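Have a look at the structure below, then the notes.
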Amino acid sequence: MLLRKPRHSLLAGVAHGSPRRALGTLLLLTLVAVAAAVGGHGVGERLAPGGWTPATAQSTRADAFLASHFGGGEPHLVLVVTTKGQVDAPAAADAGRALTGRLSSDPHTAWVRGYWPQEVPELRSRDGHSAVVAVRFRGDERAVLAASKAVTARETGRTGPLQVAATGEAALFAEMERLSTEGALVAELIVAPLVLLILLWIFGSLVAALLPVVVGGFAVVTTTAVLRLLSEVMTVSVFVLNIATALGFGLAVDYCLLMVSRYREELAAGAQPVQAAERALGTAGRAVAFSATTVAAALGALMVFPLPLTRSLAVGGAAVAVCSAAGALLVLPAMLVLLGARVNRFDLFARWRRGAGRPLSQGRWYRLAMWVTRRPAAVAVGTLLVLGLLAAPGAGVRFGMYDDRILPPSSPVARASQRLRTDFAAEAEDTATVVLPGLRIAPPAEALDSDAPEASPAAVSAAAAVHGYAARLSRLPGVRQVQTATGTYRGGRLTADADVRGAGFAGPAGTWLSITPAVPSVLSPEGRLLTERLRREPAPGPALVGGSGARMTDTEDTLSSRLPAAILLTVAATLVLLFGYTRSLLVPLKAVLLNALSLAATFGIIVAVFQQGRLEWLTGPLNAPDTTDVIIPAVMFCTAFGLSMDYEVFLLSRILEEHRNGTETRLAVATGLQRTARLFTSAALVFAVVMASLAACDLAMLQLIGFGLAVAVVLDCTLVRALLVPAVMCLAGRANWWPARGARS
52 MLLRKPRHSL
62 LAGVAHGSPR
72 RALGTLLLLT
82 LVAVAAAVGG
92 HGVGERLAPG
102 GWTPATAQST
112 RADAFLASHF
122 GGGEPHLVLV
132 VTTKGQVDAP
142 AAADAGRALT
152 GRLSSDPHTA
162 WVRGYWPQEV
172 PELRSRDGHS
182 AVVAVRFRGD
192 ERAVLAASKA
202 VTARETGRTG
212 PLQVAATGEA
222 ALFAEMERLS
232 TEGALVAELI
242 VAPLVLLILL
252 WIFGSLVAAL
262 LPVVVGGFAV
272 VTTTAVLRLL
282 SEVMTVSVFV
292 LNIATALGFG
302 LAVDYCLLMV
312 SRYREELAAG
322 AQPVQAAERA
332 LGTAGRAVAF
342 SATTVAAALG
352 ALMVFPLPLT
362 RSLAVGGAAV
372 AVCSAAGALL
382 VLPAMLVLLG
392 ARVNRFDLFA
402 RWRRGAGRPL
412 SQGRWYRLAM
422 WVTRRPAAVA
432 VGTLLVLGLL
442 AAPGAGVRFG
452 MYDDRILPPS
462 SPVARASQRL
472 RTDFAAEAED
482 TATVVLPGLR
492 IAPPAEALDS
502 DAPEASPAAV
512 SAAAAVHGYA
522 ARLSRLPGVR
532 QVQTATGTYR
542 GGRLTADADV
552 RGAGFAGPAG
562 TWLSITPAVP
572 SVLSPEGRLL
582 TERLRREPAP
592 GPALVGGSGA
602 RMTDTEDTLS
612 SRLPAAILLT
622 VAATLVLLFG
632 YTRSLLVPLK
642 AVLLNALSLA
652 ATFGIIVAVF
662 QQGRLEWLTG
672 PLNAPDTTDV
682 IIPAVMFCTA
692 FGLSMDYEVF
702 LLSRILEEHR
712 NGTETRLAVA
722 TGLQRTARLF
732 TSAALVFAVV
742 MASLAACDLA
752 MLQLIGFGLA
762 VAVVLDCTLV
772 RALLVPAVMC
782 LAGRANWWPA
792 RGARS
């Protein structure tokens, strides 16, 4: 009977069985990469800047109803217009009316509401030197962002007697995009030489150091092509491209380190290049395949959240894991076969390397593991206490969403936002809205006059109901005033009768109310409480609460309600895949729990630094509010979890190999740590340096992501992999390998 050829041998035979076949494979994959690069060209223009709120959320439906039936909704762009004299001066008024006319005639504009030409008092600053022109555009998020950029480029700056600056949601997105691009460019210029030096030191040769660059490039261009295809059938967030690039580079370094290290071991043992590549595929390649599958499955669990951002992150993250593994299992072995022993050439740091031929038992990681395994309980308890202390600040988290206050003070958008916040009586972008679909009332003059012959009893009754409802809302904590078709209300009293503009609050489709909040920011826990109070107050009919504060509340509620399901799916997928890899029940459970501890500690550090400002004596004042963004940690932890599972599989792969060769658990752990610790700590160092460089950017969001991911990988590779894993596995002993047969303690 013929023996079946192992799967890794089949893969090696098809792709890398000879130098000629390896060259053919490499040429074919190069064509694939070129086609992917062409197909993915322009993907940035297809990505959406938002994707934070579910399409079925109450706030989304309220905003859509307001925009479609009343031409309302929040403005996408707010122009703050300043003049040296008064905005009512003839020259300034003429220029202001011309500005409003140009904006109104733009085919991309849905509506324009400005101080001119009606001279609306609320849209003039207290000193009379500034006025506001608010603009809402047509189309989806991509169309809105493009139209906003065009208007900003055309209208801002000095226009006759006027000085125009832009703020608002679209301006904030555009400014964040600009600052993130500039920050990434500066980071690349600073970090690229440093990363190359680290790769040269880690890989031991210039030739080997360039391999992860090739594999990472293959992963990124193929993932970009996948995202371009996905953008045709679903909303793909612009953040996914940044996360996929970072994760793809991190996985490429990880996989190349593992594969090249094993390939070199086989060459040193006397194997020919083809044989060495086959053996590396059979050992390290198996770990790469399981790691990529685990990362893809864990990120795929984000599909349970009905947010375009998280769903596109799930698909994009899974795609980059698969593409990184494809590069490591197809592109890399082909290059190794062609390079042969030349993979070790041009070691620029050879004279400074020590201990190259040192016995295994004299390795520093081996000695550390043996030290840990002699006192596992003390090490485990001490490390858990440290992680617990680091995680403790997370209990004081205040969730919110970031607004213009994350921008540096030098940003023109930040300056315009600050002027809008301090010089004007009310901020159009911070109002909450309550929509009453189907509740028809008469126009204001008729509705308030019950003796008017045109007013029907139903209209009078509806107006009375809206009057009472608006009065009750104006008494709620956190509400400054309420405006609707029946007038303006403060503290439960009608303070101003409805005028001709009140007709804009009522129509055949229903009625709506505008609530001016009295909280510092609607994108804060106080803003969430205000939204909850508005939704709890009995309304005269079905009511929908919208606005930026309501969107934040709906996003937070969606994340919290689906979080248990996402955790369950992530844990289940990880346990099943790691059980298939290790044939153990305890080892996968340990991996999930330790990953959770590492992420909790990272979260606590982020809260302490960015929300509570405990390191301002070192970092200086940060451009961040005293809240933690509800979305960014979720996005960041997906990347951190993927890399943590990567390091776990690498460590387990060598521990399992040693154990299955008959080594007892204690020595297997020490040997596995010695063989792989240098690999995953080096990979973590490269990734941490790249991420830490983002901390030098002027955008607080990038600072948080860069700092958080750098801390996450450093904690995982030091406290967790180097200390907790050896201690826990030593304490578990034979139970590590249950239910496998013949387990040794």
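To convert, count from 1 in the sequence shown and add 51; that's my numbering. Each residue gets a CB set at the ideal place from its N, CA and C atoms; glycine is no exception. None of the values given here were measured: they were computed from a predicted structure.
Buried or exposed (CB count within 10 angstroms, at least 16 for buried), residue i
| i | result |
| --- | --- |
| A721 | buried |
| G336 | buried |
| A683 | Residue identity differs from the one stated: residue 683 is Ile in this sequence, not Ala. Buried: at least 16 other Cβ atoms inside 10 Å. |
| A569 | exposed |
| G301 | buried |
| S461 | exposed |
| E151 | Per the sequence presented here, residue 151 reads as Thr, with Glu not at that position. Per the 10 Å Cβ criterion, buried. |
| P589 | exposed |
| W422 | exposed |
| I241 | exposed |
| G439 | exposed |
| S612 | exposed |
| R71 | exposed |
| L499 | Summary for L499: the model assigns pLDDT 45, below 50, so the residue's position carries little reliability; its value from the coordinates is reported in the next sentence. Flag for L499 reads buried. |
Nearest-angstrom beta carbon gap, residue j and residue i [assumed within contact, 8 angstroms]
| i | j | result |
| --- | --- | --- |
| L360 | S288 | 4 angstroms |
| L490 | G592 | 5 angstroms |
| T210 | A222 | Not really, about 17 angstroms apart at Cβ, beyond 8 angstroms. |
| A216 | F188 | Going by Cβ atoms, the distance from A216 to F188 rounds to 18 angstroms, so no, they are not a contact pair. |
| A521 | V533 | 5 angstroms |
| G542 | R526 | 6 angstroms |
| L718 | M742 | So it is not a contact: roughly 35 angstroms between Cβ atoms. |
| P777 | T274 | Contact flag wrong, Cβ pair sits at about 35 angstroms. |
| T334 | L628 | Incorrect: roughly 18 angstroms between the Cβ atoms, too far for contact. |
| F731 | C781 | Contact doesn't hold; Cβ gap of about 19 angstroms is too wide. |
| A146 | P212 | 6 angstroms |
| F356 | L610 | 6 angstroms |
Simplified DSSP assignment, three categories, for residue i
| i | result |
| --- | --- |
| D502 | Any reading at D502 is ruled out, since the residue's pLDDT is 49, under 50, leaving its predicted position unreliable. |
| E497 | At E497 the pLDDT is 44, less than 50, meaning the model places this residue with poor confidence; the figure from the coordinates comes in the next sentence. Here E497 sits in helix by DSSP. |
| I492 | coil |
| Q662 | helix |
| S181 | strand |
| V530 | strand |
| Y632 | helix |
| R544 | strand |
| P100 | coil |
| R205 | helix |
| S288 | strand |
| Q469 | helix |
| W162 | strand |
| T621 | helix |
| V423 | helix |
| L458 | coil |
| A320 | coil |
| G299 | helix |
| R396 | coil |
| H92 | coil |
| T232 | helix |
| E667 | helix |
Bridge partner(s) assigned by DSSP for residue i
| i | result |
| --- | --- |
| P357 | According to DSSP, P357 bridges with nothing at all. |
| L128 | V186 |
| F450 | T679 |
| I566 | A483, V533 |
| A595 | The residue asked about is misnamed: residue 595 is Leu in this sequence, not Ala. L595 is bridged to V486. |
| R175 | A182 |
| V43 | Residue 43 is absent from the structure shown; the chain starts at 52 and stops at 796. |
| T539 | Q534, A547 |
| G561 | P488, G558 |
**Message:** For the pair the segment 340–347 and the segment 311–318, tell me if three or more CB-CB distances fall below 8 angstroms.
**Reply:** The segment 340–347 is not in contact with the segment 311–318.
**Request:** Please confirm if the segment 382–399 is in contact with the segment 711–729, defined as three or more CB-CB distances below 8 angstroms between the two stretches.
**Result:** By the Cβ rule, the segment 382–399 does not count as touching the segment 711–729, because fewer than three pairs are nearer than 8 angstroms.
**Message:** Check whether the segment 573–592 and the segment 86–101 touch, using three or more Cβ-Cβ pairs below 8 angstroms as the test.
**Reply:** Counting Cβ pairs under 8 angstroms, fewer than three are found: no touch.
**Asked** Is there contact here, the segment 560–567 with the segment 102–121, by at least three beta-carbon pairs under 8 angstroms?
**Response** By the Cβ rule, the segment 560–567 counts as touching the segment 102–121, because three or more pairs are nearer than 8 angstroms.
**Request:** Decide if the segment 153–168 is in contact with the segment 447–466; the criterion is three or more beta carbon pairs, one per stretch, under 8 angstroms apart.
**Result:** By the criterion of at least three beta-carbon pairs nearer than 8 angstroms, the segment 153–168 is not in contact with the segment 447–466.
**Request:** For the segment 653–664 and the segment 758–775, state whether three or more C-beta atom pairs, one from each stretch, are separated by less than 8 angstroms.
**Result:** They touch, by the three-pair rule.
**Message:** Within 8 angstroms, do at least three Cβ pairs link the segment 260–277 to the segment 84–91?
**Reply:** For the pair of segments examined, the segment 84–91 was found to touch the segment 260–277: the number of CB pairs separated by less than 8 angstroms reaches three.
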